[in-house]
Amino acid sequence: MTGSTRRAGPVTKQHNQPFDILTGDDDGPAVADEPVTLVGQLCTPKDVFARAVSTDRIAVGDLVTFYMAGAYAWNISHHDLLMHPKLLGQLAAHHIT
């Protein structure tokens, strides 16, 4: 989710994108009780999801889920911009009961 797909989202209105952190395997480097900035892979000033947000802990390997992000599909993705390898497929599901 980068650039063109977030035009109407909270970040464009100078708000942080709502998110949750799904803890990974806890083996990676971590930051605890410090503000963090969550950015996309484009490395541009506009590719920021949240600035200086508080988290209890975030680590390499954790998954960050964003709310109010809208739909995002491969056909409108800037997938060739960074020349990264193509994804075979990935699915993350969270069921609310």
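Here the sequence shown stands for residues -11 to 85, where the numbers follow the numbering used here. Beta carbons: idealized from backbone N, C-alpha and C, even for Gly.
Cβ pair residue i, residue j closer than 9 Å
{"i": "VAL41", "j": "THR53", "result": "no"}
{"i": "ALA47", "j": "GLY16", "result": "yes"}
{"i": "ASP21", "j": "VAL27", "result": "no"}
{"i": "LEU10", "j": "ASP50", "result": "yes"}
{"i": "MET56", "j": "GLN5", "result": "yes"}
Residue i, enclosing beta strand (DSSP E) - first and last residue
{"i": "THR86", "result": "Beyond the ends of the chain as shown, which are -11 and 85, falls residue 86; an answer cannot be given."}
(request) Please list the segments of the beta strand (DSSP E) lying wholly inside the segment 4 to 51, counting only runs of 3 or more residues, in order along the chain. (result) Every unbroken stretch of the beta strand (DSSP E) spanning 3 or more residues and falling wholly within the segment 4 to 51 is given here in chain order: 7 to 10, 18 to 20, 24 to 27, 36 to 41 and 45 to 47.
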